[in-house]
Amino acid sequence: MALPLLESLQPAHANVKAPRRLMIMFQPCGVDVSRFWPKGGPGALSDSALEGTALSPLAGMTKKLLVLRGVHSSPRGHGLDIKLNDHALGTNARLTAAAITNGLAEGISVDQFIAKQINPQSRPALVAAVARSGQRDSQFVSFMGARQPAPMHDSPWKMYQDFMGLSAADPAVLERVTKRRQSVMDLVRGQFAQLSTSPRLGQKDREKLDLHFSGIRDVENQVASSCKLRAELEAEVKAVNPTLLGAGSTFVQYGKLHMDVLSLALACGHTNVATLMWGAGAHSSTFGWLGQTNDHHLISHRVVSFTSSTELNGAEDMLHSIDLWHAKQFRYLMDRLNSYTDLEGTVLDNSALVWLNELSDGKSHHYRDLPFVIAGSAGGYLQQGQFMNLSKLADPLSLGLRGLTEVAPHNKLLTTLCNAMGAKTPAGGPVTNFGSYGLAGEFDEIKAKT
Amino acid sequence: MKFLFSPCLPVVCALACSCSGSASKQVDPPPAGNIDDLTAPDTSQVEATCKPALPQTSRLIRLTHRQYANTLAELMGEAVNVGAVLAPDPTPFRFDNDAELLRVSEPLARDYRRVAEDIGSRLAGNAERAKQLTECANQDTACATRFIKTFGAKVFRRPLRSEELTAFAKLYEVGRTTGGFPVGIGWTVEAMLQTPDFLYRVSVDDQPGPEGLITPSAWELASLLSFTLWNSMPDDELFTAAAQGKLLGRVALREQVRRMLNDRRARDMVGDFHNQFMEGKGFANLQRDPKVFPTFGSLGPAMQKEIELFSTAAVLDDELPFAAFMTAPFTYLNGALAKLYGLPAPTNTDANGFSRVTLDGGKRGGLLTQPGFLSSRAHQDASAPILRGTFVLKHALCMDLPPPPPDVDLTLPTPEPGMTTRELVTRITSGGACKSCHSFINPIGFAFENFNAVGQWRDMDAGKPVDASGSVDLGEERVDFTGPMPLLNRLAQSPEAATCYAKNWLSFILARQLGEAERCLPESLAQLVGDNDLTIKDLIAQTVATRAFLYRAPNAEEGKQP
Chain F
928 MALPLLESLQ
938 PAHANVKAPR
948 RLMIMFQPCG
958 VDVSRFWPKG
968 GPGALSDSAL
978 EGTALSPLAG
988 MTKKLLVLRG
998 VHSSPRGHGL
1008 DIKLNDHALG
1018 TNARLTAAAI
1028 TNGLAEGISV
1038 DQFIAKQINP
1048 QSRPALVAAV
1058 ARSGQRDSQF
1068 VSFMGARQPA
1078 PMHDSPWKMY
1088 QDFMGLSAAD
1098 PAVLERVTKR
1108 RQSVMDLVRG
1118 QFAQLSTSPR
1128 LGQKDREKLD
1138 LHFSGIRDVE
1148 NQVASSCKLR
1158 AELEAEVKAV
1168 NPTLLGAGST
1178 FVQYGKLHMD
1188 VLSLALACGH
1198 TNVATLMWGA
1208 GAHSSTFGWL
1218 GQTNDHHLIS
1228 HRVVSFTSST
1238 ELNGAEDMLH
1248 SIDLWHAKQF
1258 RYLMDRLNSY
1268 TDLEGTVLDN
1278 SALVWLNELS
1288 DGKSHHYRDL
1298 PFVIAGSAGG
1308 YLQQGQFMNL
1318 SKLADPLSLG
1328 LRGLTEVAPH
1338 NKLLTTLCNA
1348 MGAKTPAGGP
1358 VTNFGSYGLA
1368 GEFDEIKAKT
Chain E
1085 MKFLFSPCLP
1095 VVCALACSCS
1105 GSASKQVDPP
1115 PAGNIDDLTA
1125 PDTSQVEATC
1135 KPALPQTSRL
1145 IRLTHRQYAN
1155 TLAELMGEAV
1165 NVGAVLAPDP
1175 TPFRFDNDAE
1185 LLRVSEPLAR
1195 DYRRVAEDIG
1205 SRLAGNAERA
1215 KQLTECANQD
1225 TACATRFIKT
1235 FGAKVFRRPL
1245 RSEELTAFAK
1255 LYEVGRTTGG
1265 FPVGIGWTVE
1275 AMLQTPDFLY
1285 RVSVDDQPGP
1295 EGLITPSAWE
1305 LASLLSFTLW
1315 NSMPDDELFT
1325 AAAQGKLLGR
1335 VALREQVRRM
1345 LNDRRARDMV
1355 GDFHNQFMEG
1365 KGFANLQRDP
1375 KVFPTFGSLG
1385 PAMQKEIELF
1395 STAAVLDDEL
1405 PFAAFMTAPF
1415 TYLNGALAKL
1425 YGLPAPTNTD
1435 ANGFSRVTLD
1445 GGKRGGLLTQ
1455 PGFLSSRAHQ
1465 DASAPILRGT
1475 FVLKHALCMD
1485 LPPPPPDVDL
1495 TLPTPEPGMT
1505 TRELVTRITS
1515 GGACKSCHSF
1525 INPIGFAFEN
1535 FNAVGQWRDM
1545 DAGKPVDASG
1555 SVDLGEERVD
1565 FTGPMPLLNR
1575 LAQSPEAATC
1585 YAKNWLSFIL
1595 ARQLGEAERC
1605 LPESLAQLVG
1615 DNDLTIKDLI
1625 AQTVATRAFL
1635 YRAPNAEEGK
1645 QP
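Sequence lines, in order, name chains F and E.
Going from the first sequence to this note's numbering is simple: count from 1 and add 927.
Going from the second sequence to this note's numbering is simple: count from 1 and add 1084.
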């Protein structure tokens, strides 16, 4: 499927070996497990195996896909590891595999961990949220560190402006602006320097000041970026109403614009790591454009409301529709990243684009058999064209909810992604055990055979 | 079942050390004032029995977005809609002014830059505007220098040091040679608005205080007061009092606090506190079944406004004590809300379309009978007694409720047609593991069953008369009630509710969570208020007079050179 040319782009890595990229696409509330996985069990992927499943929109791209099941959350849900509601656990732990207190993860998330090492100037991973409706303690997947949620972009326009820097305007204008910025920021930096000499500041305050200071560090050095959206698309992004936050019908529009801007950022090399949230955990938006009138969370529980507990007729089909819709968005991202070329392969080939969820079966708040769909081989690190069951049990959900030893904890996937991206431990070696729950080691089965 | 009171997070108590590190360059000190013990005599009395060690607190407290907007409006004489511009802060705790969470990430730093550049460029491109802000009819360097000194002192909330004056004068000059007086002024303001001295409340100018504690400088105290009581920068009177050394005295301080609480800017703070207390920010996202409640969608902002106007009037105009506040039979309504209440459209409305309305005290009174609370604790088509009950227990009584046990069966039982919400909830929570908590959560929630999913009064549910009766243990006493007002009247009289309310104010005013060691503070404060029949306005004034607010303990790490 050919995409219209959406921007004027000098790809960042057209002449040199490209770095690897990681992009996370978070879907809340679990999936309709009965129709999610490819048919016919684990093995080579084919278009026919995707027919009638939530993954059918990915047909034609199976050669660049890796579908995983049988993985369970670490920490495990249902109070096995932490006493916490499972939406909060699933959301906060999904990229951190960390403990959670007061609705915040106690550790850095894998996107931020990797970004620190592979991003230009170690800038943080670019995180965007299409909507924030959901539970208060399930708002964040991305964390800069313990209890430090990463800032999220609600506005695709602001996100775009941030990495666009100065547009390639009249050189005289450019010079004036640069001169102004340099003079202004020299003074501002001087104030930071003076304040930081105060012996009154303790460690935490110094860190606070350093964080702020590093945020203004490069401001005046942002040169004209040749990485621009096409005029019409730029106008569309600019027209986004900043106060609507992807509510109601803007969900679709903002989501698409977020995907456009994030893909551009990855292709331009502004960032090598990006994360997109389609709503918070226990997501309460209504998918009106699919003809639905109940909210996502209710549908996932198959009820009309939480007190009437009247069964929602057709809930399974509604949920399947939602899954299909997310698959289409995932496909859109795949196509965008696949349309940019690096020196070797496409951006998608050099990336791991990971679609994941806070839960597997939303109705029972199941934390086992989580959906993971990965597109791209991360520059040949990961296998492609396969559907794998990492638990070694034909029906992982049959294990039930309680009391079983670890088999395939998801932290191993996070460890694998770290190494796929070339991130290292402080000692300089490969990452062996990401997070504070789960098991050591990678999922060796999913790595390409050398 | 007794109510338990367990406070929130444990905290490391500050080590009592004498601070001997040499100070960095000091600002010119104000003329020596009367640095006596600033705490009020009666508060000192309270703190005689409750004197927890003060925890370590930050010396750099970033302005909240609301404070930033208010401050810019004061400085520049124009409003900035920060909702659209500044990256939102995460707020997992109760209040958004918690100092620990207020950081500047890279996106927020860019946003601050955007705002500063925007303001700067509008000055640079408009000579009239520049003249107006600077009051420099002549647009000459001498006047610009004067502007840097006076405006800079307002932006930094303290006099500028000589090297700072020099640096800004240099920047002005470069700007002026580039494009004249307006450009020089534009660059100057653009820089000022991005300094940490503006964006944070900086407290590094320590003054000696009682018992080895540290008092802020007069300038820092002015900011502490204004951002706490007004959510904004100090005014000229506060700045003058600081400059003249007239702030660091017990009597002068109390006078200022009284003045500030009577100022219109205190209304912003009181409204903000109660809006956050009731989690009003989430109202705009509430959804109702459109077939049953077609007009609900747009009511979110109005319900927030109702909370703000009601609480401001009750606390600052009527000067109610806590018990009366909790059950006050009036509110503020616009046309749409009046319809919800089943009342005639209000007359003599203000600029927002709201006006004060008296309510039937037998049915409604106070925040917990307003549609904001009732609908945010409800489902798309039904009331939610469990959510209402847990809110009252957790936030009105400060009870530490554990989450449901992990092995609870999550599948909901099939209801029979014609079951009321009360009957359904009773059935769902009747299991053995559920009883220990739900035996007191449910009765409180059921007391509100006369209110449907959008907060309208109803006498019937599923064709049967609403049963809003119940009983619950409060302290040593068993309380029976039927309907919301008997329960609320009883709660309003309880020391537990008064202490919890005081605790929330303490947390808001101290801009942090209270530590384990500080458990006695809310109790002592509530006791003082109760014993002396004080109003909520008095409670605020008392809180602002405590040593926990005014002083800090020296930090263990201070004195180390970076």
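No residue lacks a Cβ here, since even glycine has one placed at the ideal position from N, Cα and C.
From a predicted model like this one, the values you see are computed outputs, not experimental measurements.
Original post:
So, does the CB of residue 1548 (chain E) fall closer than 9 Å to a CB anywhere in chain F?
Top reply: no
Original post:
Does DSSP put residue 1316 (chain F) in a helix, in a strand, or in coil?
Top reply: strand
**OP:** Please specify which runs of the alpha helix (DSSP H), each continuous and at least 4 residues long, are wholly inside the region 1154-1197 of chain E, giving them in chain order.
**Re:** 1166-1169
**OP:** Please state whether DSSP places residue 1081 (chain F) in a helix, a strand or coil.
**Re:** coil
**OP:** Give a yes or no on contact between the region 1198-1211 of chain F and the region 952-963 of chain F, applying the rule of three or more CB pairs nearer than 8 Å.
**Re:** yes
**OP:** Could you check if residue 1543 (chain E) is buried or exposed, using at least 16 other CB atoms within 10 Å of its CB as the buried criterion?
**Re:** exposed
**OP:** Would you please state the rounded distance, in angstroms, between the beta carbons of residue 961 (chain F) and residue 1022 (chain F)? I believe it to be under 8 Å.
**Re:** The Cβ separation is near 27 Å, so there is no contact.
Subject >> Reference residue 1656 (chain E), options E:1569, E:1453, E:1383, closest by Cα >> reply: As shown, chain E starts at 1085 and ends at 1646. That puts residue 1656 (chain E) outside it, with no answer to give.
Original post:
In three-state DSSP terms, what is residue 1545 (chain E)?
Top reply: strand
**OP:** With DSSP as the reference, please indicate the residues paired to residue 1149 (chain E) in a beta bridge.
**Re:** Per DSSP, none; premise fails for residue 1149 (chain E).
**OP:** For residue 1127 (chain F), go through chain E and note every residue whose CB falls closer than 7 Å to its CB, in chain order.
**Re:** 1143, 1288, 1290, 1642
Original post:
Could one say the Cβ of residue 1196 (chain F) lies closer than 9 Å to chain E's Cβ atoms, at least one of them?
Top reply: no
Original post:
In this structure, does DSSP put residue 1056 (chain F) in helix, strand or coil?
Top reply: strand
**OP:** State whether the region 1327-1334 of chain E contacts the region 1352-1371 of chain E, with contact taken as three or more CB pairs (one from each stretch) at a distance under 8 Å.
**Re:** no
**OP:** For residue 1519 (chain E), count neighbouring Cβ atoms within 10 angstroms of its own Cβ and tell me buried if that reaches 16, exposed if not.
**Re:** exposed
Subject >> Any C-beta of chain E under 9 Å from that of residue 1139 (chain F) >> reply: yes
Subject >> Cβ-based neighbour list, residue 1013 (chain F), same chain, cut-off 7 Å, excluding 5 preceding and 5 following >> reply: 1004, 1005, 1286, 1292, 1294
Subject >> Cα-Cα separation, residue 1196 (chain F) to residue 1045 (chain F) >> reply: 11 Å
Original post:
Hey, is residue 1538 (chain E)'s beta-carbon within less than 9 Å of any beta-carbon in chain F?
Top reply: no
Original post:
What's the C-alpha gap between residue 1115 (chain E) and residue 1151 (chain E)?
Top reply: For residue 1115 (chain E), the predicted model reports a pLDDT of 31, less than 50, meaning its position is unreliable and no value from the coordinates is stated.
**OP:** For residue 1148 (chain E), decide whether its Cβ has a neighbour in chain F, counting only Cβ atoms nearer than 9 Å.
**Re:** no
Subject >> Cβ neighbour criterion (16 or more within 10 Å) applied to residue 1037 (chain F) >> reply: buried
Subject >> Beta-carbon neighbours of residue 1132 (chain F), restricted to chain E and to distances below 8 Å >> reply: 1142, 1143, 1144
Original post:
At what residue ranges does the region 1281-1319 of chain E contain a whole run of the alpha helix (DSSP H), taking only runs of 4 or more?
Top reply: 1302-1314
Original post:
Can you find a C-beta in chain E that's less than 9 Å from the C-beta of residue 1379 (chain F)?
Top reply: An answer regarding residue 1379 (chain F) cannot be provided, because it is not within the stretch 928 to 1377 covered by chain F.
Subject >> residue 1271 (chain E): first and last residue of the uninterrupted alpha helix (DSSP H) it sits in >> reply: 1265-1276
Original post:
Using the rule of at least 16 other Cβ atoms within 10 Å of the residue's Cβ for burial, across every protein chain shown, is residue 1434 (chain E) buried or exposed?
Top reply: exposed
Original post:
Does residue 1258 (chain F) have its Cβ less than 9 Å from a Cβ in chain E?
Top reply: no
Original post:
The alpha helix (DSSP H) with residue 1354 (chain F) in it runs from where to where?
Top reply: Where residue 1354 (chain F) is concerned, there is no enclosing alpha helix (DSSP H), given that its DSSP letter is neither H nor E.
Subject >> Buried or exposed by the 16-neighbour rule on C-beta atoms within 10 Å, applied to residue 1058 (chain F) >> reply: buried
**OP:** Taking only beta-carbon positions, decide if residue 1295 (chain F) is within less than 9 Å of chain E.
**Re:** no
Original post:
Does the Cβ-Cβ distance between residue 1258 (chain F) and residue 985 (chain F) come in under 9 Å?
Top reply: yes
Original post:
Which residues, taken in chain order from the region 1182-1214 of chain E, show a beta carbon closer than 7 Å to some beta carbon of chain F?
Top reply: 1187, 1188, 1189, 1190, 1191, 1192, 1193, 1194, 1197
Subject >> residue 1029 (chain E) and residue 1414 (chain E) closer than 9 Å at C-beta >> reply: Past the boundaries of the shown model lies residue 1029 (chain E); chain E is included only from 1085 to 1646, so the question cannot be answered.
Subject >> Reduced DSSP secondary structure (H/G/I, E/B, other) of residue 1199 (chain F) >> reply: coil
Original post:
Can you list the residues of chain E that residue 1164 (chain F) reaches, using a CB-CB cut of under 8 Å?
Top reply: Neighbours of residue 1164 (chain F) on chain E: none; closest Cβ ~15 Å, over 8 Å.
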